[in-house]
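Counted the way this note's numbering counts, the sequence shown spans residues 38 to 354. Using N, Cα and C, we set each Cβ at its ideal position, and we do this for glycine too.
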Amino acid sequence: MLMAALHNRWLTLPFKRVRDLIAQLARGSVPGFSASDATGEVGALEKNLEKHVSRMREIASFANSLAAGDFTKRFEKESTDDELGASMLSLRRNLKESREESDARSREEEHRTWTAQGLARFSALFREAEDDLEELAGLFVKEAVGYTVADVGALFIVREGDHEANRVLEMYGSYAFDRQKHTSCSFAFGEGLVGRAAQEEEPVYITDLPPGYIRIRSGLGEDAPSSLLLVPLLVDHQVMGVIELASLGEIPSHQREFIRQLGEALATTIARVKATRQMRLLFEQTTRQAEKFSDREQMFRQQVEQLEKELEALRKK
């Protein structure tokens, strides 16, 4: 009896546990398993199975994390021969790369949509512009600040009538600037950051601004911007003006590219508005000259008629 009991305790029961565990593993289940205090080959088998089950549960947990999109869970190979562990790490790497590529495509599509909608929005504004540069500048800057991450903005336009060597950029419109300090700002080409952008005919993006360059007002007080974007407005390499936008944070690259594209359309609009204004001024000048000539012609005609009357009177005498 004693031998039978010992046989059952040390051999039959452990083997039954092992057999049941293997059956569960074969069905795809990964139950919890702890080795008994059995010794010898049975004890060694149980300890190896305990380690194997623990590893399987770790792999299952890792797989669940991957399925949930969590690629940060710690996981390592058990040894250089751990093919399953290597496969799981390769799976994580591939899934992570796939997710990053998918996210990048989604961001690019969002940026394209955002840019297209913005260009359409500003195109309507440009079409409505007539011959008032101040109104155009004010509306543009307000819309640009509202549509991007910028917190303040200004639009400088080359002063009309300046000689090529003495061109000056004047602020025609601004948003959220300190008016007393900034509204009358003007820069010669090459002067300051605004003049530099105009002279180089290239966008300037700065994240290390000079101290005290500008302050951004908010409900919490005043702060210095973290980034500044200056975009020259060009028509056939002729500078029409400069867009200046500043932000408390960084201006994303797709928004910088959007402002560059917008600058091309704005430059054409400014050139058109200036041409319209010039044509109107020429028309008004021509009209005044024609009216003046008409008045002189009428006066001359009256003088001729008066002379004819006087001559007729002399003949009668």
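Straight-line CA distance for Pro247 to Phe108? As a working mapping, residue 247 is identified with position 210 in the sequence shown. As a working mapping, residue 108 is identified with position 71 in the sequence shown. So the two alpha carbons sit approximately 41 Å from each other.
In terms of residue numbering, what span does the beta strand (DSSP E) encompassing Ala225 cover? Taking the first residue of the sequence shown as position 1, residue 225 is located at position 188. Start and end: Ser223 to Ala225.
Are Val310 and Leu173 close, meaning C-beta to C-beta below 8 Å? The residue given as residue 310 occupies position 273 in the sequence shown. The residue given as residue 173 occupies position 136 in the sequence shown. Contact: yes.
What did DSSP end up calling Glu287 once you bin it into helix, strand or coil? Along the sequence shown, read from residue 1 onward, the residue named residue 287 stands at position 250. Correct three-state label for Glu287: coil.
The alpha helix (DSSP H) spanning Ser263 covers which residue range? As a first step, residue 263 must be located in the sequence shown, where it is residue number 226. No alpha helix (DSSP H) holds Ser263; DSSP gives it neither H nor E.
Quick one: Cα of Gly300 to Cα of Ile243, how far? As a first step, residue 300 must be located in the sequence shown, where it is residue number 263. As a first step, residue 243 must be located in the sequence shown, where it is residue number 206. Their backbone Cα atoms lie some 18 Å apart in a straight line.
Would you be able to state if there are at least three C-beta pairs under 8 Å between the segment 318-333 and the segment 266-274? The segment 266-274 is not in contact with the segment 318-333.
Note down the Cα distance separating Ser211 from Gly175, rounded to an integer number of angstroms. Residue 211 sits at position 174 when you count from the first residue of the sequence shown. Residue 175 sits at position 138 when you count from the first residue of the sequence shown. When rounded, the distance between both Cα atoms is 6 Å.
C-alpha distance - Gly232 paired with Glu147, whole-angstrom precision: By 1-based counting over the sequence shown, the position of residue 232 is 195. By 1-based counting over the sequence shown, the position of residue 147 is 110. Rounded to the nearest angstrom, the two C-alpha atoms are 34 Å apart.
Rounding to the nearest angstrom, what Cα-Cα distance links Asp169 and Leu192 in this structure? Your numbering for residue 169 matches position 132 in the sequence shown. Your numbering for residue 192 matches position 155 in the sequence shown. Roughly 14 Å between the two C-alpha positions.
Give the secondary structure of Ala213 by DSSP, where H, G and I count as helix, E and B as strand, and everything else as coil. On the sequence shown, residue 213 is found 176 positions in, with the first residue counted as 1. Residue state, collapsed to three classes: coil.
What separation, rounded to the nearest whole angstrom, lies between the Cα atoms of Asp296 and Met316? As a first step, residue 296 is located in the sequence shown; it is residue number 259 there, counting from the start. As a first step, residue 316 is located in the sequence shown; it is residue number 279 there, counting from the start. Reading the sequence as shown, one finds Ile at residue 296 and not Asp. Here the alpha carbons of Met316 and Ile296 stand approximately 29 Å from one another.
Return yes when at least one heavy atom of the ligand ZN lies under 7 Å from the C-beta of Phe330, else no. Because no ligand of any kind appears in the structure shown, any question about the ligand ZN cannot be addressed here.
As assigned by DSSP and simplified to three states, the class of Phe108: The residue labelled residue 108 in the question sits at position 71 within the sequence shown. Coil at Phe108, not helix or strand.
Whole angstroms are fine: how far does the CA of Tyr184 sit from the CA of Val195? One-based indexing of the sequence shown puts residue 195 at position 158. One-based indexing of the sequence shown puts residue 184 at position 147. As the crow flies, the alpha-carbon of Val195 is around 25 Å from that of Tyr184.
For Val186, three-class secondary structure by DSSP: Counted from its first residue, the sequence shown places residue 186 at position 149. Secondary structure of Val186 (DSSP, three-state): coil.
For Gly249, which three-state DSSP category applies? The count along the sequence shown starts at 1 and reaches residue 249 at position 212. Three-state DSSP puts Gly249 in coil, outside helix and strand.
Going by CA-CA distance only, name the one from Lys329, Asp119 and Arg136 that's closest to Gly106. On the sequence shown, position 69 is the one that residue 106 refers to. That would be Arg136, whose Cα lies nearest to the Cα of Gly106.
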